[in-house]
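Residue numbering for the sequence shown follows our numbering, beginning at 3 and increasing consecutively.
Positions of the beta carbon are idealized from the N, C-alpha and C atoms, including for glycine.
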Amino acid sequence: MHLSHLRLRDFRNYARLDVDFTPGFHLLLGDNAQGKTNILEAIYLMATLRSFRGVGSAQMIRHGAKGYFVGGNVLGRGDHEIKMFWSASERKLSLNNQPVKKLADYFGALRTVVFCTEDLQLVKGAARSRRRFLDLLLAQTNPVYLSLLQRYMRAVRARNALLKQRSGDEAALDSFSAEMVKLGNEIISARRELIPKFSPLARLAYRRISNDAEELRIEYAPSVKNDFAVELAQSRGRERTYRSTLVGPHRDDLQLLLNEKSASQFGSEGQKRSLAIALKMAQAEFLAGIHGSPPILLIDDVMGELDLKRRSGFLPLLEAARKTSGQVFMTATEENWPRELGKDLQKWNVQSGTLARA
Ligand SMILES: Nc1ncnc2c1ncn2[C@@H]1O[C@H](COP(=O)(O)OP(=O)(O)OP(=O)(O)O)[C@@H](O)[C@H]1O
Ligand SMILES: [Mg+2]
């Protein structure tokens, strides 16, 4: 799979951009604040409908403009044309010139994995970051997962709204509880099945970039221990105090253990960084295994932060992308780009919202 064309209008510091990309390794070079990361953000946005910087769409509209347009052509098993437009009053998303009605139909068109500084939140941050990671991985591999998750979250929000009202409507609460349990159990089993498949890949990736230093183990830490319906009913007393739904997969977490010790509590900065990267490498390998071709890799800055040894842990992934006509986009400044990775690469100069072949 590769992105053959990218078109931006009023996106971040790009007024207009039209650029063709071949498969292979693309290095985006430029000084700070020129728009390197913005390119990766746009590609990731098409793939996931979110920014990896964790910001809303309004922030991505070029200052002074009304809305942004991001579009692209993806060549893989089939050809896909993606168009998205976002403004405060209008949102449009189309695939092959048809408006997208079900997200499940859309999500397979473009698959990416991003490596960025925000990844550290996977290890250091709250459980929400790790749930997002799991959910994205499941959305990228299981066509029904996203709609399941959306319906579940709708039921949680409706139930929370009821819990916030003083005069609780018990019958309505019960019906949302039943809905949550039905959908939630499916989410829990999807997550439970994923971990044992994903975990060995993450363990190998961690070994590769940490030189066998410690053993990584990932464990699912579900909010529901046994029976969702029973535990939800048992939490009713506490719910009255907190006025929110306290049990369910919206409170799940993943435990990341290095030599059986919590990485977030006991890991060093370097270990945490290696672990975050290992999780992303495993995501890429997992997707490649399931879909038969690797996702597009978007590598933002992280190379500059890694020492030579850990950087070389990336080589197998880059090599696999090369062999299968995949695609890699990597940003760097002229001083810190990892020259040892740079066999047959295509260099681009990024300058104040323009892109030109170097
Ligand atoms: N909504 C926006 N409208 C216009 N310009 C924006 C907007 N958001 C960000 N920018 C501009 O985009 C530039 C930053 O782009 P980006 O983050 O891609 O830089 P970069 O080349 O990756 O830099 P670094 O090497 O520091 O990471 C800045 O000049 C910033 O002012
Ligand atoms: Mg950047």
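Bridge partner(s) assigned by DSSP for residue i
i	result
E83	N75
V330	F27, L299
W350	L30, R359
T243	Answer by DSSP bridge pairing: none, since T243 is not bridged.
T114	I298
S2	For the chain, the structure presents residues 3 to 360; residue 2 sits outside this window and is missing.
A259	Just to set this straight, residue 259 is Leu in the shown sequence, not Ala. DSSP output for L259 lists R219, S264 as bridge partner(s).
P101	S96
I41	DSSP output for I41 lists no bridge partner at all.
I63	F13
Selected residue, minimal CA-CA separation from residue i, among the options
i	options	result
V125	R324, A106, L256	L256
A223	K199, P251, N213	P251
K311	V226, D214, H4, D254	D214
K282	D33, N99, L138	L138
D229	A286, V183, Q285	V183
T1	Y16, R210, F117, G74	Residue 1 lies beyond the residue range present for the chain, which begins at 3 and ends at 360; the question has no answer from this structure.
R337	F135, D303, R193, L136	One detail in the question is off: residue 337 reads as Glu in this sequence, not Arg. If we check each option's Cα against that of E337, D303 comes out closest.
I298	L42, R11, L19	L42
L347	M332, E172, G186	M332
I301	G291, L317, H293	L317
R209	L248, L277, G56	L277
L151	A290, D254, N40, L31	D254
A231	Q142, Y244, P340, V249	V249
L175	A204, L164, L77, R168	L164
A235	P202, L260, S177, S270	S177
A207	R161, L30, E241, F288	F288
I197	N99, S246, R132	R132
W350	D121, L112, L29	L29
A49	N15, R55, L112, G291	L112
A323	K199, E195, P296	P296
S354	R18, L5, L185, G272	R18
R11	L47, G56, F87	F87
Q285	N187, R79, D121	D121
As assigned by DSSP and simplified to three states, the class of residue i
i	result
D107	helix
H252	helix
M3	coil
H293	helix
F135	helix
F268	helix
Q36	coil
A17	strand
K274	helix
R130	helix
D22	strand
K94	strand
K345	coil
R9	strand
A56	In the sequence under discussion, the amino acid at residue 56 is Gly, which differs from the Ala named in the question. Note: G56 maps to coil in three-state DSSP.
V125	helix
T50	helix
E321	helix
F316	coil
V304	helix
V146	coil
E120	helix
R161	helix
Residue i CB to nearest heavy atom of ligand 2 below 7 angstroms
i	result
D302	yes
K38	yes
T333	yes
Near ligand 1: residue i beta-carbon under 7 angstroms from a heavy atom
i	result
V72	no
G250	no
R205	no
H82	no
R52	no
A358	no
M86	no
M62	yes
A90	no
N34	yes
H65	yes
R324	no
R132	no
N15	yes
V57	no
V21	no
V352	yes
Residue i: CB within 7 angstroms of a non-hydrogen atom of ligand 4
i	result
F117	Within the structure as shown, ligand 4 is missing, the only ligands being ligand 1 and ligand 2.
Segments assigned alpha helix (DSSP H), at least 4 residues, entirely inside the segment 172 to 240: The qualifying runs are 172 to 212, 230 to 236.
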